[in-house]
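What follows is a set of notes on a single structure, which appears directly below.
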Amino acid sequence: MKEMTCDKTHRGHALITFLGRTTLVLLMLVSIAGAAPFAYISNYGDNTTSVIDIATNNVTATVPVGAGPYGVAITPDGTKVYVANADSNNVSVINTTTNNVTSTVPVGEYPCGVAVTPDGTKVYVANSDSNTTSVINTTTNNVTVIVPVGVYPCGVAVTPDGTKVYVASSAYIENSVYNSTVSIIDTATNTVTATVPVGSGSMGIAVSPDGMKVYVANFYSNTTSVIDTATNTVNATVDVGINPCGVAVTPDGTKVYVANELSGTVSIIDTATNTVNATISVGNGPFGVAVTPDGTKVYVTNSNSNTVSVINTINNTVTATVPVGKLPLSLEQFIGGPVDVIGGPVDVIGEPVDVIGEPVDVIGEPVNVGIEDYLPDYTGGSVLNIENEVGMDIVVVWTKVDSKKPVFVVNVPTGQTRSVTSPSGIFDEYLRAGSWYYVQQDTLKSGYEYNIKYYWKSNGPGLEPIPDSEAPEI
């Protein structure tokens, strides 16, 4: 087995937009429904991936993968997990429904970091000993392009719009580090369009939710570089702990969590000031770090403790420690996976849909929602981006018009975006999508809470309320 620390990689890581035109603004107060996602932990030392249910913090499955699993990435629809196996030079593809490996993709030498594009069509894998990035087509699970990048690439991150991929590279020869850079790949052409010098030993990398900043953990200089994506220059360098590895940004973009391997800590950076405002002690050898979609928890892999620490982001305390396999790494965003719905995600192609409404301001009074056009027929294979800009949490449920069973449920917390890819065959040409807006708990602007349930369904040019008995089963 190769030397196994972060050091190794340097020797050798609501506005709803439908397909560009369709917009939906929905003013509603809604709680989050559906099952919690999962954390997928690559255990380098025993060639497995542990699956943690983040609702219970229990390991629900252990999946055998290739040799030396390192980086992990999950498709936006939660159906597949890609695990880079550094010692077997391939990528394992896990079906999240069965937790079985369904495909193994040969890539370059010593693959480390891995990232999936927001539309779920491509996976980028950094091959540390080949100085390349492999591009995998997720439909065929074949490598379609190999992109030359910097020396010993490790971390990989994709911008929210899917147009650029950032690859952290750091040359390492006999304990001397030089020319640590971040290569920027244009996903349209799969060519490197710019190279940004950063701190020594660049490794973990993450992009802010708005795509304006890239955060790079610099293993040897004990810093985190902040790259301005508009200018491709470093506009801040933040001192963190010793040997920072993984890095992750909260969904609201206000905080960055950096795992410091030698310090046994996690540094929390305030993105407004680019200063560390808290340091949390975790297990031994913290390596990878990821934030849950709702931003309430951070999961940290402790490579020398064989555990995962769970941090509460509200009070910045460790609330749980989960035993996993040997030498857990999981570089990059390793949280995602299936949700508890019937069917799969769907998408819309057609004319814009504008929904205008008002927030609840009286106890027991339903949300007023008007609609200017009914939803067009659904079709498969395209991407649905849902961005909540209304200042309140929303849940949107779509069903077939002749069924109460949901085929698509999306949870969009305030200020966040969700992207899903639609499968084919959900609807035929005779079915028109029914839209259900599900309210489980309304929170008044005054701060008082009360429990009520509202349901609406599509009714030609408008929405009509329906009773509980006719509502979709969620």
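With my numbering as the guide, the letters of the sequence shown map in order to residues 15 to 488. Just so it is clear, CB atoms sit at the ideal spot from N, CA and C, and this is done for glycine as well.
Whole-Å CB distance - residue i paired with residue j, under 8 Å assumed
{"i": "PRO83", "j": "ASN104", "result": "Not confirmed; about 10 Å, so no contact."}
{"i": "SER184", "j": "GLY215", "result": "5 Å"}
{"i": "THR243", "j": "GLY225", "result": "6 Å"}
{"i": "VAL115", "j": "ASN145", "result": "That belief does not hold up - the Cβ atoms of VAL115 and ASN145 are roughly 27 Å apart, past 8 Å."}
{"i": "VAL252", "j": "ILE283", "result": "6 Å"}
{"i": "ASN61", "j": "PRO78", "result": "6 Å"}
Proximal residues to residue i (C-beta, below 8 Å), its chain only, five neighbours per side dropped
{"i": "THR310", "result": "ASN326, THR327, ILE328"}
{"i": "ASN298", "result": "GLY278, ASN316, SER317, ASN318, SER319"}
{"i": "ASN72", "result": "ILE66, VAL336"}
{"i": "ALA286", "result": "THR268"}
{"i": "ALA334", "result": "ASN71, SER323, VAL324"}
{"i": "THR245", "result": "none"}
Beta-carbon proximity of residue i to residue j, cut-off 8 Å
{"i": "VAL107", "j": "LYS94", "result": "yes"}
{"i": "PRO51", "j": "ILE349", "result": "yes"}
{"i": "GLY59", "j": "LEU345", "result": "no"}
{"i": "THR201", "j": "THR177", "result": "yes"}
{"i": "THR63", "j": "VAL97", "result": "yes"}
{"i": "THR154", "j": "GLY134", "result": "no"}
{"i": "ILE160", "j": "VAL338", "result": "no"}
{"i": "PRO223", "j": "VAL263", "result": "yes"}
{"i": "PRO265", "j": "VAL221", "result": "no"}
Neighbourhood of residue i by C-beta distance below 6 Å, restricted to the same chain and skipping five residues each side
{"i": "VAL272", "result": "ALA231, THR238, VAL254, PRO258, VAL261, SER281"}
{"i": "VAL181", "result": "ALA140, THR147, VAL163, PRO167, VAL170, SER197"}
{"i": "ASP4", "result": "Residue 4 lies beyond the residue range present for the chain, which begins at 15 and ends at 488; the question has no answer from this structure."}
{"i": "THR131", "result": "VAL172, GLY176"}
{"i": "GLN347", "result": "ALA304"}
{"i": "PRO211", "result": "THR195"}
{"i": "ALA292", "result": "ILE282, ASN330"}
{"i": "THR76", "result": "THR62, SER64"}
{"i": "TYR489", "result": "Given that the chain is displayed from residue 15 to residue 488, the structure contains no residue 489 and the question cannot be resolved."}
{"i": "GLY122", "result": "ASN141, SER144, THR146, SER148"}
Closest Cα partner of residue i within the set the options
{"i": "SER142", "options": "ILE150, CYS126, GLY302", "result": "CYS126"}
{"i": "TYR229", "options": "ALA250, SER235, ASN155, THR245", "result": "ALA250"}
{"i": "LYS308", "options": "SER344, VAL149, ALA334, ALA69", "result": "For the sequence presented, residue 308 should be read as Asp rather than Lys. Comparing Cα-Cα distances from ASP308 to each of SER344, VAL149, ALA334, ALA69, the minimum goes to ALA69."}
{"i": "ALA53", "options": "ASP60, SER102, THR110, VAL161", "result": "THR110"}
{"i": "GLY267", "options": "ILE55, PRO211, ASN288", "result": "ASN288"}
{"i": "ALA129", "options": "THR247, ASN155, VAL172", "result": "VAL172"}
{"i": "ILE219", "options": "VAL240, THR118, THR207", "result": "VAL240"}
{"i": "LYS136", "options": "VAL165, ASN145, THR203, ILE283", "result": "THR203"}
{"i": "THR195", "options": "SER222, TYR124, THR247", "result": "THR247"}
{"i": "THR118", "options": "THR112, ASN99, TYR124", "result": "ASN99"}
{"i": "THR112", "options": "GLY122, GLU123, GLY92", "result": "GLY92"}
{"i": "ILE88", "options": "THR245, THR306, LYS227", "result": "THR306"}
Same chain only: Cβ atoms within 7 Å of residue i, ignoring 5 sequence neighbours per side
{"i": "CYS20", "result": "Bear in mind that the predicted position of CYS20 carries a pLDDT of just 45, short of 50, making it unreliable; the figure below should be weighed with that in mind. Counting only Cβ-Cβ distances below 7 Å, and skipping sequence neighbours, we find MET217, PHE233, ASN257, CYS259, GLU275, PHE301."}
{"i": "SER295", "result": "GLY278, THR279"}
{"i": "VAL149", "result": "LYS136, TYR138, VAL157, THR158, VAL159, VAL161, ASN204"}
{"i": "SER235", "result": "GLY213, SER214, GLY215"}
{"i": "THR2", "result": "With the chain running from 15 to 488 in the structure shown, residue 2 is simply not present."}
{"i": "THR321", "result": "GLY297, THR335, VAL336, PRO337, VAL338"}
{"i": "VAL332", "result": "ILE294, VAL296, SER323, VAL324, ILE325"}
Open item on the list: Threshold first: 3 residues or longer. Then list the beta strand (DSSP E) segments lying entirely within the region 226-265, N to C.
Closed with: Counting only runs of 3 or more, we get 227-232, 237-242, 247-253, 258-263.
TODO: Entirely within the region 292-323 and at least 3 residues each: give me those beta strand (DSSP E) ranges in chain order.
DONE: Counting only runs of 3+ residues, the beta strand (DSSP E) found wholly inside the region 292-323 occupies 300-305, 311-316, in chain order.
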